[in-house]
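Heads up, the thing below is written out as structure tokens.
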Amino acid sequence: MNSIASDRTVRDATRRLLRQLGLTTVFGNPGTTEVAFLTDWPDDFRYVLGLHESVVVAMADGYAQATRRPVLVNLHSAGGLGHGLGQVFNAARGHAPLIVMAGQQSRTLLRGDPFLGATDATAFPRPYVKWSCEPARAQDVPAAIARAYHVASQAPRGPVFISVPADDWDAEAGAPVAARPAIPGFGPDPAALAALARALHGSARPGIVAGPGVDADGAVADLVALAERVGAGVWAAPVSPRCSFPEDHPLFLGFLDAEKRATAAALARHDLVVVIGAPAFTYHVYRGEAEVPLPPLFVVSDDEQVLARADTGPGIRATPLLALRALDEALGSAANGAPVRRARVTGRAAPPVLARPAGPAEGMITAAEVYATLAELLPPDAIVVEETPSHRSVLHDHLPITATDTGFLTTASGALGYGLPAAVGAALARPGRRVVAVLGDGSAMFGIQALWTAARERTPVTFVILDNTRYAAVRLLGEASGGTGIPGVDLGGLDFVALAQGMGCAARYVSEPAEVKSALATALADDRPHLLHVRTDPAPPRMY
4 MNSIASDRTV
14 RDATRRLLRQ
24 LGLTTVFGNP
34 GTTEVAFLTD
44 WPDDFRYVLG
54 LHESVVVAMA
64 DGYAQATRRP
74 VLVNLHSAGG
84 LGHGLGQVFN
94 AARGHAPLIV
104 MAGQQSRTLL
114 RGDPFLGATD
124 ATAFPRPYVK
134 WSCEPARAQD
144 VPAAIARAYH
154 VASQAPRGPV
164 FISVPADDWD
174 AEAGAPVAAR
184 PAIPGFGPDP
194 AALAALARAL
204 HGSARPGIVA
214 GPGVDADGAV
224 ADLVALAERV
234 GAGVWAAPVS
244 PRCSFPEDHP
254 LFLGFLDAEK
264 RATAAALARH
274 DLVVVIGAPA
284 FTYHVYRGEA
294 EVPLPPLFVV
304 SDDEQVLARA
314 DTGPGIRATP
324 LLALRALDEA
334 LGSAANGAPV
344 RRARVTGRAA
354 PPVLARPAGP
364 AEGMITAAEV
374 YATLAELLPP
384 DAIVVEETPS
394 HRSVLHDHLP
404 ITATDTGFLT
414 TASGALGYGL
424 PAAVGAALAR
434 PGRRVVAVLG
444 DGSAMFGIQA
454 LWTAARERTP
464 VTFVILDNTR
474 YAAVRLLGEA
484 SGGTGIPGVD
494 LGGLDFVALA
504 QGMGCAARYV
514 SEPAEVKSAL
524 ATALADDRPH
534 LLHVRTDPAP
544 PRMY
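The opening position of the sequence shown corresponds to residue 4 in this note's numbering, with each subsequent residue numbered one higher.
So this is what it looks like as structure tokens:
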């Protein structure tokens, strides 16, 4: 193994710091401005190469979400960062702790507006990074990385950006930078929490809305214990990118729609609602104001912006795990140690009626069949990565997520191209768990290059492409809002088997319902990446 005898250069000092911070796995796509950072690459570092910068960022996002740790992303100057910005936006919405580091042209050339120079480099990724820096001196690079690590990993987590001029790496190192432990989460205000505990004790029909922050903080088991203690029915927050409550639990009620009237109607059964680890609420479409008022709300979040913009109810700022554990203690104090007793709110809400303009074409495979078969075949601890916008409700109805530790990941922003590379990143992060990515044909094409990385890294991911030959979500929502004759939504002619095989993955085309189970079983048993191109019914259910 290559060793660093001393911190002679900024590169030496940075690598020592990266080891101490656990940042030795780097996702990247390099260019000439990164050569000095990469030269004499150490044997104890891992460089995961992606063939497009958006794929690199999304792979790193999946890795960070699955490990709950920051990860370093290496991009190429302004052009590479620009290619990756869509997924930086997604990482911001999904609170992924990414340290994005891009090369900059040499300091000696910058005043002349050189080729590959990044103009106003630190401004380019804003406002979708928590912090952005180009160090004033070469010797400040390690300190900037240390600060970036703490900003990215401190709640609320999110991506940060550092621009490093190419000639900084060979400069003489400055004073050593000590690696400090990650900043832990923070607990709630005791008085505010006591008020919530009293409200729960006085509630006859409490409800909980579980957001992605619960699973991201490793607090699903604590939320289950709270729901069982107070007899609260639990809803998944609208368009949540993670599963924060097991969907086979008797207290699970279903999924809130990203629409005001439907959300208010669903919550009307409760006399108190606690929103934890989620905004209150995320909406996607507007179909008028709610016909019934929201019940009294308490919003618990580590994000001050979520608390500030909530329309109603007290806000409690805390990270979910510490909030839930403090609430458990407060409930005992509020009741003088007596257990909470009430009629339990049980039973999942009735699934929506899946309206179709017409029945499925004769002999066509439906998304429901694929999801139901996956539910039968997947191991309980599988990680499902999803990016099928027009089939999301079908997934909810037929593939319950039951794992209580990163069982589900999807895009947090709606920016396409997340699912396929994120599945590769999640598989690299959790090598002992089966990962399956279910993707739309349109979504898959935004990140298709990640198949090459999957093959190169031998990640045992099962990719299932549901091909309905269109951007169906655009058509469905467009027509629902009165749009007609919308161009640019019809696809078709994509050969995902050829694409996958050309990048080194096993692949199979599936067009008959009778083939679905055997094809999935074979793919799931493969210890290599394996893609199924499934031709599906082109008439998906109505969204929301």
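All residues carry an ideal CB built from backbone N, CA and C; glycine is no exception. Bear in mind the structure is a predicted one, so any value in this text is a computation, not a measurement.
Option nearest residue 166 by Cα separation, candidates 103, 199, 210 and 177:
Nearest option by C-alpha distance: 103.
Which whole-angstrom value is the C-beta distance of residue 222 and residue 327, which I expect to be below 8 Å?
5 Å
Considering only DSSP beta bridges, list what residue 275 is partnered with.
For residue 275, the pairing in a beta bridge is given by DSSP as 209.
Tell me the start and end of each unbroken alpha helix (DSSP H) in the stretch 375 to 418 that is at least 4 residues and wholly inside, in chain order.
395 to 401
In or out: residue 30 buried (at least 16 other Cβ within 10 Å) or exposed?
buried
Supposed contact pair residue 161 and residue 94 - C-beta distance, whole angstroms, cut 8 Å
Sure, about 7 Å apart at Cβ, within 8 Å.
Selected residue, minimal CA-CA separation from residue 534, among 148, 241, 495 and 451
451
Output needed for residue 108: all residues of its chain with C-beta closer than 8 Å, excluding positions within five of it in sequence on either side, in chain order.
36, 80, 117, 118, 119, 120, 121, 168 and 169
Whether or not the stretch 268 to 278 and the stretch 442 to 449 are in contact is what I'm after, with contact meaning three or more pairs of Cβ atoms, one per stretch, closer than 8 Å; do they touch?
no
By DSSP, does residue 336 sit in helix, in strand, or in coil?
helix
Pull up the distance between the alpha-carbon of residue 264 and that of residue 292, whole angstroms please.
6 Å
Across which residues does DSSP place residue 50 in a beta bridge pair?
29
Continuous beta strand (DSSP E) assignments of at least 3 residues falling wholly in the stretch 95 to 137:
101 to 107
If we ignore side chains and look at the alpha-carbon of each, how far apart do residue 314 and residue 198 end up?
19 Å
Taking the continuous beta strand (DSSP E) assigned at residue 320, which residues delimit it?
318 to 320
Is there a Cβ from chain D that is less than 8 Å from the Cβ of residue 81?
The structure shown has no chain D; it contains just one protein chain.
What does the Cβ neighbour count give for residue 238, buried or exposed, with the cut at 16 atoms within 10 Å?
buried
Out of 212, 190, 181 and 156, point me to the one whose CA is closest to residue 319's CA.
190
At which residues does the alpha helix (DSSP H) containing residue 152 begin and terminate?
144 to 156
Roughly how many angstroms lie between the CA atoms of residue 96 and residue 75, to the nearest whole one?
Taking the CA atoms as reference points, residue 96 sits about 18 Å from residue 75.
Nearest to residue 187 (by Cα), restricted to the options 201, 153 and 213
From the listed residues 201, 153 and 213, the smallest Cα separation to residue 187 is found for 153.
Report yes if the C-beta distance between residue 422 and residue 373 is below 8 Å; otherwise report no.
no
Go ahead and label residue 231 buried or exposed: buried means 16 or more other beta carbons lie within 10 angstroms of its beta carbon, across all protein chains shown.
Residue 231 is exposed by the Cβ-count criterion.
If you follow the beta strand (DSSP E) that residue 532 is in, where does it begin and where does it stop?
No beta strand (DSSP E) contains residue 532, which DSSP labels as neither H nor E.
Answer with buried or exposed for residue 131, where buried requires no fewer than 16 other C-beta atoms within 10 angstroms of its C-beta.
buried
Could you spell out where the alpha helix (DSSP H) holding residue 21 opens and where it closes?
Where residue 21 is concerned, the enclosing alpha helix (DSSP H) stretches over 13 to 24.
Are the Cβ atoms of residue 87 and residue 34 separated by less than 8 Å?
no
Beta-carbon gap between residue 424 and residue 61 smaller than 8 Å
yes
Is the distance from the Cβ of residue 16 to the Cβ of residue 176 below 8 Å?
yes
Starting from the Cα of residue 214, find the closest Cα among 511, 306 and 504 and give me that residue.
306
Close Cβ partners of residue 431 (< 7 Å) along its chain, the five nearest in sequence each way excluded:
If we look at residue 431 and ignore the five residues flanking it on each side, its Cβ neighbours are 51, 66, 460 and 462.
Over the uninterrupted beta strand (DSSP E) stretch that includes residue 511, give me the two end residues.
509 to 513
In the DSSP output, what is residue 163 paired with across the bridge?
102
Confirm, please, whether the CB-CB distance from residue 407 to residue 299 is below 8 Å.
no
Tell me, which residues are paired with residue 75 by DSSP?
29 and 102
Given a threshold of 16 other Cβ atoms within 10 Å of its Cβ, counted over all protein chains shown, does residue 219 qualify as buried or as exposed?
buried
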